[in-house]
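In what follows, a structure is listed as structure tokens, so that the remarks can point back to it.
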Amino acid sequence: MKVLLPTSTAGSLPKPSWLAQPEKLWSPWKLQDEELIEGKQDALRLCLEDQHQAGIDIVSDGEQTRQHFVTTFIEHLDGVDFEKREIVKIRNRYDASVPTVVGAVTRQKPVFVEDAKFLRQQTKQPIKWALPGPMTMIDTLYDSHYKSREKLAWEFAKILNEEARELEAAGVDIIQFDEPAFNVFFDEVNDWGIAALERAIEGLKCETAVHICYGYGIKANTDWKKTLGSEWRQYEEIFPKLQKSNLDIISLECHNSRVPMDLMELIRGKKVMVGAIDVATNTIETPEEVADTLRKALQFVDADKLYPSTNCGMAPLSRRVARGKLNALSAGAEIVRRELSAK
Ligand SMILES: [Zn+2]
1 MKVLLPTSTA GSLPKPSWLA QPEKLWSPWK LQDEELIEGK QDALRLCLED QHQAGIDIVS
61 DGEQTRQHFV TTFIEHLDGV DFEKREIVKI RNRYDASVPT VVGAVTRQKP VFVEDAKFLR
121 QQTKQPIKWA LPGPMTMIDT LYDSHYKSRE KLAWEFAKIL NEEARELEAA GVDIIQFDEP
181 AFNVFFDEVN DWGIAALERA IEGLKCETAV HICYGYGIKA NTDWKKTLGS EWRQYEEIFP
241 KLQKSNLDII SLECHNSRVP MDLMELIRGK KVMVGAIDVA TNTIETPEEV ADTLRKALQF
301 VDADKLYPST NCGMAPLSRR VARGKLNALS AGAEIVRREL SAK
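Right, here's the structure in full:
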């Protein structure tokens, strides 16, 4: 990126109400068949236009073509039975009815590659594409086949690598893996989680990112955050090994969270997508608040490696609020850019 402090979002943006019920996760589609395909593309274009108008530098599809950041990818794979459901605890936090792994997991055809090609045709800006990370994928399933979290994660990593190589060929500039599970299972992250992620990015020449957050602003997550005490030090457990990994960019939650900013020192040398927008509130940040978070981050991240972003996806918010937050992000980054160039 040539521009200083290039802005982006962590991933999802709200969908139009004619496509799916807003402010709801796993919201069912309101269209079918050909109309659904066209509707998703129209929504992608609108959401891209919102990013262009706000002046976002690295744009995305806003995940307009998927119901959920993990489930939609898994739905396209063989070996998982969505009819056979079991109750599991997701990220040690809340019970959910999840599909069962019943055989070898495989990807018969690309999942998002056509969508990425469509996005590529619509913009000259750099594009970022999000995929679920292997550990977060296994945490959303019941496994009655491999009976090993590590083995299943490794199989998913191989599949993700196939998809990522095709996304790169479609012109994606940054491929991001969403790993909120990294904030929970520290021993596994260090034992094999980061290794699985490195398997997923093997051979890629485009930039790669891992997004690690405290989740969407849904009740289960905000309740969990209340139990974490006055300082959230989860990142401390995984940053030393991530710093040594082959990933280029680490995407983090910062604004309004209790993450001590100095933990970023542990990933010195990496590019850091700093969450300067809180996705768990409808209050729209002022540009000055965004700038303040970025200034604090600059104590621990070199200016040429700081990428202003959002704490997480904005799918559960209203479109009005999400647009306001995109504008604030852009304006806040511009304040700090001017300060840096005046030095
Ligand atoms: Zn997130």
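Residue numbers (the UniProt record's numbering): 1 to 343.
Glycine residues also receive a C-beta, built at the ideal position from the N, C-alpha and C atoms.
Keep in mind the model is a prediction, meaning the values are calculated, not measured.
Verify whether the separation of the beta carbon atoms of D191 and T136 is less than 8 Å.
Stepping through the sequence shown from its first residue, residue 191 is reached at position 191. Stepping through the sequence shown from its first residue, residue 136 is reached at position 136. Cβ atoms of D191 and T136: not closer than 8 Å.
May I ask you to report which of helix, strand or coil DSSP gives H211?
Your numbering for residue 211 matches position 211 in the sequence shown. Reduced to three states, the DSSP call for H211 is strand.
Given that a residue counts as buried once 16 or more other Cβ atoms are within 10 Å of its Cβ, and exposed if not, what is H211?
In the sequence shown, residue 211 corresponds to position 211, counting from 1. Per the 10 Å Cβ criterion, buried.
According to DSSP, which residues form a beta bridge with F177?
If you number the sequence shown from 1, residue 177 lands on position 177. Paired residue(s): L131 and V210.
Could you tell me the distance, in whole angstroms, from the CA atom of A200 to the CA atom of A157?
Mapped onto the sequence shown, residue 200 falls at position 200. Mapped onto the sequence shown, residue 157 falls at position 157. Approximately 5 Å, taken between the alpha carbons.
Could you compute how far the alpha carbon of G313 sits from the alpha carbon of A181?
Here the question's residue 313 lines up with position 313 in the sequence shown. Here the question's residue 181 lines up with position 181 in the sequence shown. Looking at the two C-alpha atoms, the distance is approximately 15 Å.
Chain-ordered residues, beta carbon under 5 Å from a heavy atom of ligand 1:
For ligand 1, the selected residues are C213 and C312.
Relative to the C-alpha of R120, which candidate in G324, D173, Q21 and L77 has its C-alpha closest?
Along the sequence shown, read from residue 1 onward, the residue named residue 120 stands at position 120. Shortest Cα-Cα distance from R120 to any of G324, D173, Q21 and L77 involves D173.
Proximity below 8 Å, CB of V272 to CB of L294:
In the sequence shown, the residue the question calls residue 272 occupies position 272. In the sequence shown, the residue the question calls residue 294 occupies position 294. The answer is no: Cβ separation not under 8 Å.
Can you have a look at D61 and say buried or exposed, based on whether 16 or more other CB atoms are within 10 angstroms of its CB?
Walking along the sequence shown from the start, residue 61 turns up at place 61. The residue is buried, with at least 16 neighbouring Cβ atoms inside 10 Å.
So does the region 63-81 actually touch the region 124-144, counting three or more Cβ pairs closer than 8 Å?
Taking 8 Å as the limit for Cβ pairs, the verdict is that the region 124-144 does touch the region 63-81.
Need the endpoints of the alpha helix (DSSP H) that A96 sits in, please.
In the sequence shown, counting from the first residue as 1, residue 96 sits at position 96. Premise fails: A96 lies in the beta strand (DSSP E), Y94 to T106, not in any alpha helix (DSSP H).
Output the boundary residues of the alpha helix (DSSP H) element that contains D115.
By one-based count along the sequence shown, residue 115 stands at place 115. Run containing D115: V113 to Q122, per the alpha helix (DSSP H) assignment.
Are the CB atoms of P14 and A315 within a distance shorter than 8 Å?
Along the sequence shown, one-based indexing puts residue 315 at 315. Along the sequence shown, one-based indexing puts residue 14 at 14. Against a cut-off of 8 Å, the Cβ pair of P14 and A315 comes out as a contact.
For R85, the residue or residues it bridges with in DSSP
As a first step, residue 85 is located in the sequence shown; it is residue number 85 there, counting from the start. Per DSSP, P99.
Terminal residues of the continuous alpha helix (DSSP H) containing L329?
Here residue 329 corresponds to residue number 329 of the sequence shown, with the count starting at 1. L329 -> alpha helix (DSSP H) spans R319 to A342.
So, for N183: in the same chain, excluding its five sequence neighbours on each side, which residues have a beta-carbon less than 6 Å away from its beta-carbon?
Locating residue 183 in the sequence shown gives position 183, where the first residue counts as 1. Cβ contact annotation for N183 (same chain, cutoff 6 Å, sequence separation greater than five): I212 and Q234, in chain order.
Less than 8 Å separating the beta-carbons of E168 and I175?
In the sequence shown, counting from the first residue as 1, residue 168 sits at position 168. In the sequence shown, counting from the first residue as 1, residue 175 sits at position 175. By the CB criterion at 8 Å, E168 and I175 fall inside the cutoff.
Could you round the C-beta distance between D248 and E207 to whole angstroms and report it? I think they count as a contact, below 8 Å.
Mapped onto the sequence shown, residue 248 falls at position 248. Mapped onto the sequence shown, residue 207 falls at position 207. Between E207 and D248 the Cβ distance is about 5 Å, and since that is below 8 Å, they are a contact.
For P287 and Q67, I'd like the C-alpha separation in whole angstroms.
By one-based count along the sequence shown, residue 287 stands at place 287. By one-based count along the sequence shown, residue 67 stands at place 67. Straight through space, the alpha carbons of Q67 and P287 are spaced by roughly 31 Å.
Taking the beta carbon of F69 as the centre, do at least 16 other beta carbons fall within 10 Å, making it buried, or is it exposed?
The residue you call residue 69 lines up with position 69 of the sequence shown. It is buried - the Cβ of F69 has at least 16 other Cβ atoms within 10 Å.
Within the same chain, show all residues whose beta-carbon is closer than 6 Å to that of K325, passing over the 5 residues directly before and after it, in chain order.
Taking the first residue of the sequence shown as position 1, residue 325 is located at position 325. Excluding five sequence positions before and after K325, the CB atoms of its chain that fall closer than 6 Å to its own CB belong to I277 and I284, given in chain order.
Spatial distance of Y146 from V80 (CA atoms):
Residue mapping note: residue 146 aligns to position 146 of the sequence shown, counting from 1. Residue mapping note: residue 80 aligns to position 80 of the sequence shown, counting from 1. Separation of Y146 and V80 (C-alpha to C-alpha, rounded to the nearest whole angstrom) is 12 Å.
What residues match up with E253 in a beta bridge as DSSP calls it?
Taking the sequence shown and counting its residues from 1, one reaches residue 253 at position 253. E253 is bridged to G275.
Whole-angstrom distance between K241 and A43, CA atom to CA atom:
The sequence position of residue 43 within the sequence shown is 43, counting from 1. The sequence position of residue 241 within the sequence shown is 241, counting from 1. For A43 and K241, the distance between alpha carbons rounds to 38 Å.
Just tell me which of G275, V301 and A280 has its CA closest to the CA of S330.
Start at 1 with the first residue of the sequence shown, and residue 330 comes out as number 330. The option with the nearest alpha carbon to S330 is G275.
I'd like the span of the alpha helix (DSSP H) that includes Y235, first residue to last.
Taking the sequence shown and counting its residues from 1, one reaches residue 235 at position 235. In this chain, the alpha helix (DSSP H) harbouring Y235 covers Q234 to Q243.
Mapping DSSP to helix, strand and coil, what is L48?
The count along the sequence shown starts at 1 and reaches residue 48 at position 48. In this structure, L48 counts as helix in the three-state DSSP scheme.
Can the beta-carbon of residue 345 be found less than 8 Å from the beta-carbon of V113?
Given that the chain is displayed from residue 1 to residue 343, the structure contains no residue 345 and the question cannot be resolved.
Measure how close the beta-carbons of residue 344 and L25 come, nearest whole angstrom, since I'm counting them as under 8 Å.
Nothing about residue 344 can be reported from this structure: the residues present for the chain run from 1 to 343 only.
The alpha helix (DSSP H) that contains L306, what's its start and end?
By one-based count along the sequence shown, residue 306 stands at place 306. Careful: L306 lies outside any alpha helix (DSSP H), inside the beta strand (DSSP E) at L306 to S309.
For L160, report the span of its alpha helix (DSSP H) as first-last.
For the purposes of this step, residue 160 is identified with residue 160 of the sequence shown, where counting begins at 1. First-last of the alpha helix (DSSP H) with L160: R149 to A169.
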